[in-house]
Amino acid sequence: MKTFEERLKGGHPNSLGNTVEIVDEVLAENGLFAELFNCYFSNDELVRLRTSNAMKRICKEKKAILVPYLDRFLTEISVIDQASTQWTLAQLFGMLEKEMTENQIGQAKKIMKNNLAHHHDWIVLNQTMDTLTKWAKKDAELSQWIRPHLERLATDKRKSVAGRAKKMMEKLTT
Numbered sequence: 001m002k003t004f005e006e007r008l009k010g011g012h013p014n015s016l017g018n019t020v021e022i023v024d025e026v027l028a029e030n031g032l033f034a035e036l037f038n039c040y041f042s043n044d045e046l047v048r049l050r051t052s053n054a055m056k057r058i059c060k061e062k063k064a065i066l067v068p069y070l071d072r073f074l075t076e077i078s079v080i081d082q083a084s085t086q087w088t089l090a091q092l093f094g095m096l097e098k099e100m101t102e103n104q105i106g107q108a109k110k111i112m113k114n115n116l117a118h119h120h121d122w123i124v125l126n127q128t129m130d131t132l133t134k135w136a137k138k139d140a141e142l143s144q145w146i147r148p149h150l151e152r153l154a155t156d157k158r159k160s161v162a163g164r165a166k167k168m169m170e171k172l173t174t
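In the UniProt record's numbering, the protein residues as written are 1 to 174.
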């Protein structure tokens with residue numbers, strides 16, 4: 001039988017390939033999660049993209065599978081220089097906030113603040129703004145930090161980024 005990595009390779013870059021099938025297998029047999037997680041270390045960018053997609057799907061269905069891996073997401077996956085990995089982290093951090101320790105939330109904030117300040121991918125920016133703004137509503141220091149970044153991004157030439165930044169500024173004032 002082929003490995004998850006082999007099954008996630010190839011095909012059209014916008015296609016999910018075998019991602020959904022693999023997610024179903026992991027949800028049925030949680031012990032397979034480690035093999036899927038290790039696909040993040042593939043040399044194939046498409047495998048890493050599909051792995052990220054699988055992580056979001058698994059998190060939505062069964063968060064508990066990801067919780068033991070939170071520290072590895074924060075330390076190992078966060079350093080992968082790929083937009084899909086970074087935008088997925090922002091989404092996962094948002095979904096897993098209640099399962100995270102204060103230290104893990106602090107690390108997640110640091111990762112996302114760096115991405116918001118330095119990343120140029122529109123999806124990374126949008127997903128990061130979402131999670132950080134949600135967290136900033138309960139964190140005055142983060143709220144103060146994010147405001148100038150939202151103001152900067154509100155003038156971004158990309159409509160989705162500018163629109164999201166304006167929407168997030170409104171959320172902070174309500």
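Built from N, CA and C at the ideal position, the CB exists for glycine as well.
By the three-class DSSP mapping on this structure, what secondary structure does residue i have?
i    : result
P13  : coil
H120 : coil
E21  : helix
R164 : helix
A154 : coil
M112 : helix
E61  : helix
L27  : helix
K98  : helix
Which one of the options has the shortest CA to CA distance from residue i?
i    : options                  : result
K113 : M100, E141 and L16       : E141
L8   : A162, N38, T131 and D121 : N38
I58  : D130, D139, L172 and E25 : E25
K134 : E45, D121 and A165       : A165
E76  : E61, M95, S42 and E97    : S42
Q91  : Q127, H118 and L153      : Q127
E45  : S84, E61 and L36         : S84
Hey, how far is the Cα of residue i from the Cα of residue j?
i           : j    : result
residue 208 : K2   : With the chain covering 1 to 174 only, the question about residue 208 has no answer from this structure.
S52         : L89  : 8 Å
M55         : A136 : 25 Å
N115        : F4   : 29 Å
L74         : V161 : 25 Å
V47         : Y69  : 19 Å
T101        : I146 : 22 Å
E99         : Q82  : 25 Å
K109        : G31  : 29 Å
G11         : T174 : 45 Å
M129        : R50  : 23 Å
W87         : V79  : 13 Å
K138        : E29  : 37 Å
Here's the rule: buried if 16 or more other CB atoms are within 10 angstroms of the residue's CB, otherwise exposed. What is residue i?
i    : result
A34  : exposed
T19  : buried
N14  : exposed
V23  : buried
L172 : exposed
T131 : buried
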